[in-house]
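K.L.:
In the numbering used here, the protein residues as written are 22 to 683.
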């Protein structure tokens, strides 16, 4: 799992900057929300953002009037979700006519019936929503400015900040901004000087710029009529190749071709795309070319045409090009989900795997829904699945609540250690240079100044590292008492959550020790991890608030499943292969399929029956759905902390309830 917003280059730059707690939290949380390798509950697709909710409702209404898909009941559910997002914007955001008009239009949409006479009204409301969407850009920018100026010294400020994060995450994710590129750019802004809000905002939501992208296609030596199908596309190799079109970057393009292109049934192609950064341009360029190949594959049904991995990108007019290498994760030892084949599990495993490797986001969405259906869940069972997913989200969040703290502290400690090592090496080189110079040498003053500056940086790095020392030592002790498995997760989960709750009269001594060690950590955490830790302490210390969180998670899981199912219908019934925000939704759909397999695997792992006698997935989902309802009822009838919560067996077959600790 990637811990976006916690990269040491960014967090250490923030430590040295004048940025406030609210400003640092805002930047870190937005980065976390657009990371594809994060948890579902942190990712953009799960968040109740106004922009994607209204876009989906509008698209569903237009489609319903033309092909009667999605069905009327699902369209109404999407409109209701969008209205909740609009009402939230009116309540928490800065004053804006657009949010009030969106709320009014969505209220009207929900009054429209399915009869033919109202179909034109659906189109009218959809047009109204689309016109108001154009006004949301100003609203989002004003919301960012309002949040950026908050002090974050009371819960009201934090409520606004977290609402602003939800909206900004959805807006930034919709631009397909590359998270790693964005994090590098933001780290460069936190240089110790005053940080201008408009500069950060321009980093989050920059205008698109034209880029070149080039790659190699296997399966043919030339592509006839390419520029007819896409005006900016051009062949770089073969008999019909034109002159290199990259201007100042032609030399780098030529070097790339000489290095990467090999004779055979291959052709190098370039085209222009509008994107926010190089990596986004490469992804969009690849997607555009894959869709162009649809024509050629149809023209030669026995031929296989595919893009080679990688490529090269360059901003139009720039002389600097960069190779594009798709990010791929690997592990030293790969483990199966479980070491058996229960009945009914093989089909969702296969569909989930296919959804992960699908080129098109909406095809990934369709396959992810097929994986869900393969468990036995029908469209009418979405509510049951959403309840089971919310229970797994609770377990996942608690299991992973220590991991960001560990990464936060250890990555900064390692970064400062590396900085100290580099400064020492630089001082040795400068000292050697000084020894070789005479006092009247023209370069002596410059080297002396560089030595003094490096020595000052070394002193600062040692101070920062020393300040982290007590927190890292406390973290070492927490890890010993809670245990950390090979995946970096808490092994003794109940010890960890007991330490997050107020002291219990019968608690173990190790729980008390961990709680005391947490207090040592808190002052040294960055705002994102500190807020996350305090939020979970607050929820676990109030059974009512934990019940609220579970119900909110159920609601958001339902919204996400509705969105996935609606997109699946448009892809399956109308062949829709692209839509605004489809990359985010496609990734969210795969995450939901993964999460479903995760809790099924956890159940089967502890079920004692033989593989052929194990329960079918749909029966497990039904039991976990009932367990979630029972847990909420137990929490609602409890005053004070959730001491009886058994986090270790939340979605396991080992216990019939999640509320069974003494």
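Cβ coordinates follow ideal geometry from the N, Cα and C atoms, glycine included. All values reported here derive from a predicted model rather than from experimental measurement.
Cα separation between residue 189 and residue 51?
P.N.:
Whole-angstrom Cα-Cα distance: 7 Å.
K.L.:
Using a Cβ-Cβ distance cut-off of 8 Å, determine whether residue 126 contacts chain D.
P.N.:
Among the protein chains of the structure shown there is no chain D, as only one such chain exists.
K.L.:
Identify the continuous alpha helix (DSSP H) that holds residue 342 and give its terminal residues.
P.N.:
Unbroken run through residue 342 is the beta strand (DSSP E), 342-345; no alpha helix (DSSP H).
K.L.:
Hey, could you find the ends of the alpha helix (DSSP H) residue 664 is sitting in?
P.N.:
Segment: none, residue 664 is in no alpha helix (DSSP H) and carries neither H nor E.
K.L.:
Does residue 421 pass the burial test, meaning 16 or more other C-beta atoms within 10 Å, or should it be called exposed?
P.N.:
That one is buried.
K.L.:
Around the C-beta of residue 304, are 16 or more other C-beta atoms found within 10 angstroms, so that it is buried, or is it exposed?
P.N.:
Residue 304 comes out buried.
K.L.:
In the DSSP output, what is residue 236 paired with across the bridge?
P.N.:
Answer is 290, bridged to residue 236.
K.L.:
Where do the N-terminal and C-terminal ends of the beta strand (DSSP E) with residue 334 fall, by residue?
P.N.:
From DSSP, the beta strand (DSSP E) with residue 334 extends over 332-336.
K.L.:
At the level of alpha carbons, what is the spacing between residue 293 and residue 299?
P.N.:
Near 12 Å, if we compare the C-alpha coordinates of residue 299 and residue 293.
K.L.:
Which residues in the same chain as residue 363 place their Cβ atom closer than 7 Å to its Cβ, once the five residues preceding and following it in sequence are excluded?
P.N.:
Contacts found: 625, 632 and 635.
K.L.:
Taking 8 Å as the cut-off, decide whether the C-beta atoms of residue 441 and residue 486 are in contact.
P.N.:
Yes, these two residues count as a Cβ contact at 8 Å.
K.L.:
Please name the residue or residues paired with residue 511 in a DSSP beta bridge.
P.N.:
Residue 511 is bridged to 505.
K.L.:
Thinking just about the alpha-carbon of each residue, which of 469, 405, 395 and 549 is nearest to the one in residue 429?
P.N.:
Residue 429 has its Cα closest to that of 549, out of 469, 405, 395 and 549.
K.L.:
Quick test of your reading: residue 34 and residue 212, contact by CB under 8 Å. State the CB separation rounded to the nearest angstrom.
P.N.:
Right, their Cβ atoms sit about 7 Å apart.
K.L.:
Would you mind listing the alpha helix (DSSP H) stretches within the segment 84-158 that are 4+ residues and don't spill past its ends, in chain order?
P.N.:
If we require 4 residues or more, the alpha helix (DSSP H) runs fully inside the segment 84-158 come out as 93-113, 118-130 and 140-154.
K.L.:
Once DSSP output is grouped into helix, strand and coil, what is the label at residue 408?
P.N.:
If DSSP states are grouped into helix, strand and coil, residue 408 belongs with the helices.
K.L.:
Cβ of residue 648 within 8 Å of Cβ of residue 617?
P.N.:
Their beta carbons are not under 8 Å apart, which means residue 648 does not touch residue 617 by this criterion.
K.L.:
Taking C-alpha atoms, which residue in 314, 404 and 370 lies nearest to residue 577?
P.N.:
For the residues 314, 404 and 370, the minimum Cα distance to residue 577 belongs to 404.
K.L.:
Assign residue 680 to one of three DSSP states: helix, strand, or coil.
P.N.:
Here residue 680 sits in strand by DSSP.
K.L.:
Tell me the residue span of the alpha helix (DSSP H) that contains residue 364.
P.N.:
Run containing residue 364: none; DSSP gives neither H nor E here.
K.L.:
State the Cα-Cα distance for the pair residue 314 and residue 234, rounded to the nearest angstrom.
P.N.:
If I take the Cα positions, the gap works out to 16 Å.
K.L.:
Buried or exposed, going by whether 16 or more other CB atoms sit within 10 Å of the CB of residue 356?
P.N.:
Classification for residue 356: exposed.
K.L.:
In or out: residue 484 buried (at least 16 other Cβ within 10 Å) or exposed?
P.N.:
Residue 484 is exposed by the Cβ-count criterion.
K.L.:
Could you say which of 643, 46 and 240 lies nearest to residue 401 if we only look at CA atoms?
P.N.:
For residue 401, the nearest C-alpha among the options comes from 643.
K.L.:
If you pair each beta-carbon of the segment 359-375 with each one of the segment 515-525, do three or more pairs fall below 8 Å?
P.N.:
Taking 8 Å as the limit for Cβ pairs, the verdict is that the segment 515-525 does not touch the segment 359-375.
K.L.:
Return the chain-ordered ranges of every alpha helix (DSSP H) run that is complete within the segment 408-432 and spans a minimum of 4 residues.
P.N.:
Qualifying alpha helix (DSSP H) stretches: none in this window.
K.L.:
Bridge partners for residue 295 per DSSP, in chain order?
P.N.:
Residue 295 is bridged to 231.
K.L.:
Of the residues 231, 26 and 37, which one's Cα is nearest the Cα of residue 482?
P.N.:
For the residues 231, 26 and 37, the minimum Cα distance to residue 482 belongs to 37.
K.L.:
Put residue 589 into one of helix, strand or coil per three-state DSSP.
P.N.:
Note: residue 589 maps to helix in three-state DSSP.
K.L.:
Look at residue 561 and residue 554 and say whether their C-beta atoms are less than 8 Å apart.
P.N.:
In this structure, residue 554 does not lie closer than 8 Å to residue 561 by Cβ.
K.L.:
Just how far apart, CA to CA, sit residue 573 and residue 55?
P.N.:
Taking the straight line from one Cα to the other gives about 21 Å.
K.L.:
Going straight from the alpha carbon of residue 408 to that of residue 414, what length do you get?
P.N.:
Cα-Cα distance, rounded: 10 Å.
K.L.:
Straight-line CA distance for residue 507 to residue 513?
P.N.:
The straight-line gap from Cα to Cα measures roughly 13 Å.
K.L.:
In three-state terms, what does DSSP make of residue 280?
P.N.:
If DSSP states are grouped into helix, strand and coil, residue 280 belongs with the helices.
K.L.:
Since residue 327 sits in a beta bridge, which residues does DSSP pair it with?
P.N.:
Its beta-bridge partners are 239.
K.L.:
What three-state label does DSSP hand residue 182 in the structure shown?
P.N.:
Three-state result, residue 182: helix.
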